[in-house]
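A.B. asks: Numbering that gives the first Met the number 0 numbers the first residue of the sequence shown as 0 and each following residue consecutively. Using N, Cα and C, we set each Cβ at its ideal position, and we do this for glycine too.
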Amino acid sequence: MATIDFSVRTEPHVANLGDLGALHFVPEVFGDEFLDGYTKVQEAQAALGDETDLTKLEPGTLRGVYGSMRAFLGTLMTPESAEKFLRFEVIKGGKVVAHFRSRDEAEKHAGELTGAARVEDKSMRVPDRVLVELLEWVTELYGGADRPTGPSSGSSRASRRAGTRGKGSSPSKASTSTAGRSAR
Numbered sequence: 000m001a002t003i004d005f006s007v008r009t010e011p012h013v014a015n016l017g018d019l020g021a022l023h024f025v026p027e028v029f030g031d032e033f034l035d036g037y038t039k040v041q042e043a044q045a046a047l048g049d050e051t052d053l054t055k056l057e058p059g060t061l062r063g064v065y066g067s068m069r070a071f072l073g074t075l076m077t078p079e080s081a082e083k084f085l086r087f088e089v090i091k092g093g094k095v096v097a098h099f100r101s102r103d104e105a106e107k108h109a110g111e112l113t114g115a116a117r118v119e120d121k122s123m124r125v126p127d128r129v130l131v132e133l134l135e136w137v138t139e140l141y142g143g144a145d146r147p148t149g150p151s152s153g154s155s156r157a158s159r160r161a162g163t164r165g166k167g168s169s170p171s172k173a174s175t176s177t178a179g180r181s182a183r
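Pasting the structure below:
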């Protein structure tokens with residue numbers, strides 16, 4: 000009788016967002032769950048067409064794309080991280096009466112309540128570039144042909160540095176960066 004052993008991840012993948020904290024992603028996903036969610040992201044992105052100047056797009060279109068990206072990422076997170084990343088609170092009488100991971104669910108619940116209720120988006124705020132990098136990372140992590148084999152913390156590449164490097168030379172090899180100070 001032939002035997003084969005498979006290695007199944009049991010530890011969550013971690014995306015460290017510096018001061019914002021860490022987001023934990025489930026160790027493994029089923030192909031159809033990943034593909035269904037990713038298909039929704041691609042459909043939303045198709046609404047952008049070939050337009051690269053985001054200022055020319057309708058705000059609702061952009062919101063749809065970002066919302067689908069956030070929802071997709073949230074489905075891949077552990078429940079604790081998803082609660083931080085996607086959180087829409089239903090507020091009535093100044094108190095939080097319920098919270099949901101989608102605005103639609105929160106709005107529906109608020110509409111079912113008697114009296115005035117509103118929905119506040121208390122989701123984790125991340126820069127757009129980080130949102131895009133997270134999407135690329137999880138796509139490679141769960142759907143890519145080159146799946147990482149090491150610890151998940153080693154799977155993510157560093158964020159790009161802002162700005163460009165200067166080409167000036169230092170008057171002294173021992174000098175250090177002095178942002179905010181002028182040269183004498």
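Where do the ends of the beta strand (DSSP E) carrying glutamate 88 lie?
C.D. replies: 87–91
A.B. asks: Can you tell which of Glu135, His108, Leu140 and His98 has its C-alpha closest to the C-alpha of serine 122?
C.D. replies: His98
A.B. asks: I'd like the span of the beta strand (DSSP E) that includes alanine 97, first residue to last.
C.D. replies: 94–99
A.B. asks: Measuring only the C-alpha atoms, how far is glycine 73 from threonine 60?
C.D. replies: Approximately 20 Å between the Cα atoms of the pair.
A.B. asks: Could you have a look at leucine 130 and say whether DSSP puts it in helix, strand or coil?
C.D. replies: helix
A.B. asks: Whole angstroms are fine: how far does the CA of glutamate 132 sit from the CA of glutamine 41?
C.D. replies: In this model, glutamine 41 and glutamate 132 are separated by some 15 Å (Cα to Cα).
A.B. asks: Put alanine 21 into one of helix, strand or coil per three-state DSSP.
C.D. replies: strand
A.B. asks: Report the residue from Ser80, Glu88 and His108 whose alpha carbon sits nearest the alpha carbon of glycine 20.
C.D. replies: Ser80
A.B. asks: Which same chain residues, not among the five before or five after arginine 102, have their C-beta less than 6 Å away from its C-beta?
C.D. replies: Phe87
A.B. asks: Quick check on DSSP: helix, strand or coil for phenylalanine 5?
C.D. replies: coil
A.B. asks: Along the chain, where does the beta strand (DSSP E) that runs through alanine 14 open and close?
C.D. replies: 12–15 is the extent of the beta strand (DSSP E) around alanine 14.
A.B. asks: What did DSSP end up calling valine 125 once you bin it into helix, strand or coil?
C.D. replies: Valine 125: coil per DSSP, three-state reduction.
A.B. asks: Would you tell me roughly how many angstroms separate the C-alpha atoms of lysine 55 and glycine 48, rounded to the nearest one?
C.D. replies: Whole-angstrom Cα-Cα distance: 12 Å.
A.B. asks: Which first and last residues belong to the beta strand (DSSP E) in which valine 118 is found?
C.D. replies: Here the beta strand (DSSP E) through valine 118 covers 117–120.
A.B. asks: For leucine 112, I'd like the list of residues in its chain whose CB is within less than 8 Å of its CB, leaving aside the five on either flank, ordered along the chain.
C.D. replies: Val89, Lys91 and Val96
A.B. asks: Which of the three DSSP states is assigned to methionine 68 in this structure?
C.D. replies: helix
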